[in-house]
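**Student:**
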Amino acid sequence: MRLSESEGEQEKLQSDGESESASSHTNLDEDYVPRGLGPGSGKKAFTFEDSSGDEWNCSPARRRASRRQCRSAYASQLSSPLKSASKTWGEKVNNKTTPKKGSSSSSPRKRLFSPCRTTRSKKRQRQDTGPGKDGEDDEDRWRNIDEEDTEPVQPRFRPQRDVGPQLNRTAHYTPLELFQLFFTTTVIDTLVKNTNTYGAKKCQGQREGWVPVTAADMYSYISLVLYMGIVPLKTLKEFWRGSTLFSLPFPASVMPCRRFLAISRSLHMNDPAKEAANDQKKGTQGFDKLFKIRPLYDQILEACHSHFHPHQHISIDERMVASKARFGFKQYSRNKPTKWGFKLYVLADSRCGYTLNFFVYVGKDGEPTGKGISYDAVMRLLNIPFLGRGYKLYVDNFYTSPTLFLDLLTRKIWACGTIRSNVTGFPKAKTNNMPEKTPRGTIRWIRKGALLFVKWFDCREVTMCTTMHKAYSNEMVSRKVKNKDGQWIVNHMPIPGCVKDYNKHMGGVDLSDALIGYYNVLHKTQRWYKTLFYHFVDIATVNSFILHKEMCKMQNRPVGTQKSFREELILSLAQIGSTPRRAGPQNLMLPVFPFRMPPVLPMNVQPDAVTAAPPSSPSNVELASAPSCPEEDGQKVSTGEAPAAECDVPGFGHLPAYFFEKMSNVTSRNRATAGRRSCVVCKRKSPIYCSTCHKTLCLTTLRNCYSKWHRSNNICV
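Just so we're aligned, residue 37 is where the sequence shown starts under my numbering, counting upward by one.
(1) Rounded to a whole number of angstroms, what is the C-alpha to C-alpha distance between residue 216 and residue 570?
(2) Please report how far the alpha carbon of residue 242 lies from the alpha carbon of residue 233, in whole angstroms.
(3) Using only CA atoms, which one of 449, 254, 361 lies nearest to residue 298?
(4) How big is the Cα-Cα spacing for residue 543 and residue 597?
(5) What do you reckon, are the CB atoms on residue 578 and residue 551 nearer than 7 Å?
(6) For the alpha helix (DSSP H) containing residue 393, name the first residue and the last one.
(7) Quick check on this structure: which residue in 444, 528, 503 has the alpha carbon closest to the alpha carbon of residue 494?
(8) CA-CA distance, residue 610 and residue 375?
(9) Can you name the start and end residues of the beta strand (DSSP E) that residue 692 belongs to?
(10) Beta carbon of residue 575, beta carbon of residue 391: below 7 Å?
(11) Just to confirm my understanding: we take residue 100, look at its own chain, exclude 5 residues before and 5 after, and list those with CB closer than 6 Å. What are they?
(12) Taking the alpha-carbon positions, what's the residue 457 to residue 470 distance?
(13) Where do the N-terminal and C-terminal ends of the alpha helix (DSSP H) with residue 232 fall, by residue?
(14) Note down the Cα distance separating residue 354 from residue 366, rounded to an integer number of angstroms.
(15) Can you grab the Cα-Cα spacing for the pair residue 389 / residue 432, in whole Å?
(16) From which residue to which residue does the beta strand (DSSP E) around residue 352 run?
(17) Give the straight-line distance between the Cα atoms of residue 653 and residue 749, rounded to the nearest whole angstrom.
(18) Please determine, among 246, 385, 590, 488, the residue with the shortest C-alpha to C-alpha distance to residue 235.
(19) Can you tell which of 265, 218, 239 has the C-alpha that lies nearest to the C-alpha of residue 603?
(20) For residue 731, which residues from the same chain have a beta carbon less than 7 Å from its beta carbon, with the 5 sequence-adjacent residues on both sides left out?
(21) So residue 459 and residue 435 are in contact, right, with Cβ under 8 Å, and what is the actual spacing, rounded?
(22) Since residue 367 sits in a beta bridge, which residues does DSSP pair it with?
(23) Looking at residue 721 and residue 707, is the spacing between their C-beta atoms short of 7 Å?
(24) Suppose contacts are defined by Cβ-Cβ distances below 7 Å. Is residue 693 in contact with residue 548 by that definition?
(25) Could you tell me the boundaries of the alpha helix (DSSP H) in which residue 524 lies?
(26) Assuming contact is defined by CB atoms lying nearer than 7 Å, are residue 185 and residue 506 in contact in what I supplied?
(27) When you compare each of 225, 201, 503 to residue 345 by their alpha carbons, which one comes out closest?
(28) For residue 285 and residue 293, I'd like the C-alpha separation in whole angstroms.
(29) How would you label residue 743, buried or exposed, when you count the other beta carbons within 10 angstroms and need 16 or more for buried?
(30) When DSSP labels each residue in this structure, what does residue 740 get in the three-state scheme?
(31) At 4 residues or longer, and completely inside the segment 244-286: list those alpha helix (DSSP H) runs for me, N to C.
(32) Below 8 Å CB to CB, which residues in the same chain sit around residue 206 once its five sequence neighbours on both sides are set aside?
(33) Could you tell me the distance, in whole angstroms, from the CA atom of residue 382 to the CA atom of residue 395?
(34) When DSSP labels each residue in this structure, what does residue 544 get in the three-state scheme?
(35) So the alpha helix (DSSP H) residue 566 belongs to, where does it begin and stop?
(36) Quick test of your reading: residue 280 and residue 614, contact by CB under 8 Å. State the CB separation rounded to the nearest angstrom.
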């Protein structure tokens, strides 16, 4: 059979080579023409001597030709005209091709085409295959910037609602009305009901009972929470301190300190009885880790969905809410400014930063799809029935994967983001990859169907994946670089369109975080659900401000700052809230002396009675020597003889007074002790003084130094 297989080749070789020399017998297959040696090239033809070192490094077509040559050489051993050629082939390829005695004639062929050598040749072929070589797929190499890419079909934006605020676009909404879109009367009633239930349960058996919270109290409480974000202090009690450093009259005018702290301690968002029933399910699938915040959580999410429709560009990112409380789903994020706390996955509008959707990550929750946490997070955030089609989503390398982007295309959502090189589906091609010393602006790309993978080198290598961009669209970017002389110059270099759009539209969540961080209302607390309550207040306030800003743009009205928006909102909440049962704080540090009081004219006393005063009284001499006509408001009161004489009448005008009456920012509980001085008689502390003598004197049920001193000085009869 082997002989019959090679008869055709043998006859062809004999007919073509009878008249030629022995060297011409080596050209066994004229169908094969080595690369670069075409007809008329003038180069030396391929011979067995030339192929001895290249046989295992040839391409697939060349390897097939060499196999035919080997079969012809083996067949030539049985024919006399080709004995010399076969002997030359055997000596050149392998010195041990001569069969031993007693061995079969097929052993040389087995050695030549053993499985191990075939495998080795295939490995070498894969390693040595370069650009343009035979057998290489065009998609398995990185393309240069000068190679043209096909631009994908751009999405047609079809939202199911008009983008922007879902409000009456001709009406003027106040900050309070916008805030009440999120903290509705239902939300306030839920907070009041559950706070009263938990507060009454907590105060059972205690000395002080629970005073029920009303809706007005809750509005006052939220007003102070927002106020503390604008005027931050270290502790809550400092807002009610009546001193020069902490003279803040607004908090005490809205709510007493004890009342505010009592509401903070008893604040609850769910029914305590239902929370106890949920705690019994711990360890089972029916246990809800967010049950304590569930009512407020759902109502805030529904409000975020209902009152705004996003523009075409949206982004997804994580958000960290700082907390060091002890709870089971506390997360650590190494690359975030806030390392410890709650991790929230947020969907935001890239244009204005409106928080459209979010959820708190509590670990493996529900039934995973098996495609990763990032895949499940994106699909959960985009699960909004009225979103529409044609959106452009931007994510970072935590979420980007070819599987996710292809699945989003089926939902008519295009995506773009940075990608990690170890993700499943990322091209593994090494051909024409980025060199070690790459100049800035170098671009490499590979397209695999709808997916485009781009590498761009700026200060470092940036790898992108997109379904809506072209590899390069003749866009440039400016960078400041140093020339050879050490001077800074502006250099223009190419940039892929996907990188430029990513830098422009990826910051939606970052913009929302920045707006929240300016006036964050977060307080230190050991209860994790209170931390989320404060964050929900932040989300509602920032979203209300964004709605206000968008409405002003549509109505061509001036847009104010977030600080002015918050100030107006705080005052509005305090106005509809409850009023305290006492006066505001007063300043304890104002000086008491000297008092500026107008002279007191005695009633029913004749001017002639002035001379009735005993001239020998030492107290009268002291009173006469003292200035009897004080100043008021910088102007001197008219000094007549009658008023001066009238002040010398014994017993008239010497009335007791409290020091706090001439002070400001004194709380009601401090009125009995504010400004106490040492009594001139018993040397004990007293808050009372004589309005005429300016002497500190005691006037209590146990001591009456006031009367004693005046009688001893012959002032009172």
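Think of the CB as a built atom: it goes at the ideal place given N, C-alpha and C, for glycine as much as any other residue.
**Tutor:** Reading off the structure:
(1) 16 Å
(2) 15 Å
(3) 254
(4) 20 Å
(5) yes
(6) First-last for residue 393: 391-396, but that is the beta strand (DSSP E), not the alpha helix (DSSP H).
(7) 528
(8) 35 Å
(9) 692-694
(10) yes
(11) Below a pLDDT of 50, predicted positions are generally treated as unreliable, and residue 100, at 48, falls in that range; the measurement from the model is reported next regardless. Result list for residue 100: empty, nothing under 6 Å.
(12) 13 Å
(13) 221-238
(14) 14 Å
(15) 17 Å
(16) 349-358
(17) In this predicted model, residue 653 has a pLDDT of only 38, less than 50, meaning its place in the structure is not dependable; the value taken from the coordinates is given anyway. The straight-line gap from Cα to Cα measures roughly 8 Å.
(18) 246
(19) 265
(20) 716, 725, 745
(21) Residue 459 to residue 435, Cβ: 10 Å. No contact.
(22) 377
(23) no
(24) no
(25) Per DSSP, residue 524 belongs to no alpha helix (DSSP H); it is in the beta strand (DSSP E), 524-530.
(26) yes
(27) 201
(28) 12 Å
(29) exposed
(30) coil
(31) 251-266
(32) 591
(33) 7 Å
(34) helix
(35) 564-590
(36) Rounded, the Cβ-Cβ distance is 29 Å, inconsistent with contact.
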